[in-house]
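Below: the structure, in structure tokens.
Residue numbers (this note's numbering): 299 to 481.
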């Protein structure tokens, strides 16, 4: 099995990448679902503050690769030749996944701050805020988890600044190539 990890700053396009994978019939494991589930199980609401605190708590209690470690069983239960892992946030997660899955490929999604801020204002998720300060704080929190280093370790990078259809086509090309390599 080939595992394609997706890494990027908030609102860079990781979810859109995963949506294209889903449309192509490629299973997607969303790392953020682990944190969302932990927040809900603790009785909290999935706000950015609660998700950030839970992400910090899990990493402090279980190690910087805690979220990836919790995702491995969900990845391994997939029967497809290619599985996408959405939402890698740090170099420890990359290291764990590269060691656990010999056929691991990391894709960075890149978008500038103003583009990402605009997207947050449009997508209306419970953990989104269209305030510049909130996105700066979120970026800083995720960089503290090793996100910058994870982005540097990517095997390829896709820019997501302009036309959505063009980005989706880039994603289809990458996923088609990876699916071919995986079979």
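Heads up, the beta-carbon is just placed ideally off N, CA and C, and yes, glycines get one too.
Keep in mind the model is a prediction, meaning the values are calculated, not measured.
Here the alpha carbons of residue 437 and residue 403 stand approximately 23 Å from one another.
For residue 402, the beta-bridge partners assigned by DSSP are 301.
At the C-beta level, residue 315 and residue 401 stay beyond 9 Å of one another. Here residue 308 is buried. Its C-beta has 16 or more other C-beta atoms within 10 Å. Apart from the 5 residues on each side of it in sequence, residue 386 sits with its Cβ closer than 8 Å to the Cβ of 303, 304, 305, 329, 366, 392, 395, 404 and 448 in its chain, given in chain order. The beta-carbon distance between residue 300 and residue 479, rounded to whole angstroms, is 7 Å. This is short enough to meet the 8 Å contact definition. Assignment of alpha helix (DSSP H) within the stretch 342-421, counting only whole runs of 4 or more residues, yields 346-360, 364-374, 389-398 and 411-421 in chain order.
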